[in-house]
Amino acid sequence: MARGNSRRNVEELRNRIQRVEVQLEQVVGIQYGMAVNMQNNQQSQNHPTPPAAVVLEDRLTSILEEFQRLNPTEFAGTEDPLDAKRWFMGIHKKLITIGAAEEHWVRIATFMLKGEVDLWWDNIRETHDVTSMTWVEFEALFFEQYFLETNREKKSIEFAELIQGDMSVTQYEKKFRELSRYGPHLVSSEVLKVRKFERGLKPGIRGKTVSLCHQTYARVVHTARVIEADWESSQKSR
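Quick note: the sequence shown uses this note's numbering, first residue 21, plus one each step.
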């Protein structure tokens with residue numbers, strides 16, 4: 021009996037020791053975890069995570085600096101609606117070039133508004149939520165203000181009635197290209213574009229180009245320039 025009791029006592033002692041060891045491991049684990057948390061908290065206090073707003077502003081500043089390196093043009097208003105169109109398209113192209121996120125486009129573009137246009141934008145900010153304004157919405161507001169429907173109609177008529185007149189072929193072609201966007205129905209195919217261009221040429225040039233029955237715009241422009249150059253050369257040799 022004594023030997024049996026002795027064995028049980030030894031077994032109980034072992035179990036008790038194991039339980040104590042487990043408890044000690046748990047205590048040590050808890051203390052270690054607390055120490056790690058304290059260290060992390062101290063590091064966070066020494067190097068706090070910047071607020072999201074600060075990170076966003078820093079990012080926008082970086083994008084704006086990159087944008088400025090492309091020498092974007094400021095816009096302070098114009099009497100020619102085409103100038104407004106050119107400015108808008110130029111800014112759009114630069115925004116794509118630098119790879120700016122579209123959500124930042126409006127804020128970057130409006131940084132280039134000056135004078136009366138900047139005042140117009142101030143009024144827009146008072147009546148619209150510009151923080152969430154999309155590029156498409158900005159485009160609609162901008163063209164509503166600086167490229168009215170009446171101006172589009174005027175340009176459409178100007179294109180329909182366009183002739184070379186006193187312009188050189190190069191000047192006429194440039195004007196033709198600029199105004200063609202306001203009369204797309206007149207140049208809806210390559211052949212229609214060629215015929216429209218030919219009809220506006222000076223009679224002496226038109227007659228020769230028409231006889232060649234060009235089918236591409238690039239070709240008829242090239243031919244018109246060659247004919248004009250030959251005529252100018254013959255005039256000088258007289």
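We treat Cβ as the ideally placed atom computed from N, Cα and C, and that holds for glycine.
7 Å Cβ shell around residue i - same chain, five flanking residues per side excluded
i    : result
Q165 : W140
K105 : F167
L182 : K195, F196, L199 and G220
L232 : T243
G203 : S176, F179 and A180
Reference residue i, options the options, closest by Cα
i    : options                   : result
E269 : R201, A121 and E123       : Because the chain spans 21 through 258 in this model, residue 269 falls outside it and cannot be assessed.
G119 : L84, L212, I183 and Q255  : L84
T190 : D142, L80, K222 and W125  : K222
F108 : A121, V246, A160 and E146 : A160
Q235 : K213, G227, E157 and S253 : K213
K216 : F179, A129 and S188       : F179
G224 : Q184, K195 and E157       : Q184
T229 : A238, Y237 and T243       : T243
T170 : D100, W251, D142 and S257 : D100
F87  : R145, I128 and A121       : I128
S208 : Y237, K195 and G227       : Y237
S176 : F158, D250 and H205       : H205
S82  : I111, G110, L182 and A121 : A121
L90  : E218, Q255 and H112       : H112
G220 : F196, L232, C233 and G203 : F196
Y247 : C233, S257 and G227       : Checking the sequence, you will find Ile at residue 247 rather than Tyr. The residue with the shortest Cα to Cα distance from I247 is G227.
P92  : I144, T147 and G110       : G110
W251 : K134, R145 and S188       : S188
L80  : E218, A249 and E123       : E123
R239 : H148, E210, E146 and S254 : E210
Residue span of the alpha helix (DSSP H) that contains residue i, given as start and end
i    : result
I144 : G135 to T147
G119 : From DSSP, G119 is part of no alpha helix (DSSP H); its letter is neither H nor E.
R89  : Counting along the chain, R89 falls outside any alpha helix (DSSP H), and DSSP gives it neither H nor E.
F163 : W155 to Y166
T130 : W125 to T130
Sequence-distant residues of the same chain with beta carbon closer than 6 Å to residue i, five excluded per side
i    : result
E193 : V241
W125 : L115 and W155
F131 : none
E158 : One point to set straight first is that residue 158 is Phe, not Glu, in the sequence displayed. Only V126 meet the Cβ criterion.
M153 : V126
K134 : E94 and A96
Other residues of its chain near residue i: CB distance less than 8 Å, five sequence neighbours each side excluded
i    : result
F162 : A104 and F108
K256 : none
I144 : V150 and L161
T117 : L90
E146 : none
heavy atom of the ligand COA below 7 Å from residue i C-beta
i    : result
V241 : What this structure holds is no ligand at all, so the ligand COA is not there to describe.
task = Pair every Cβ in the stretch 89 to 104 with every Cβ in the stretch 135 to 142, then say whether three or more of these pairs are closer than 8 Å.
result = yes
request  = Can you check the stretch 177 to 254 for any beta strand (DSSP E) of at least 3 residues that lies completely inside it and give the ranges in chain order?
outcome  = None, since the stretch 177 to 254 contains no complete beta strand (DSSP E) of that length.
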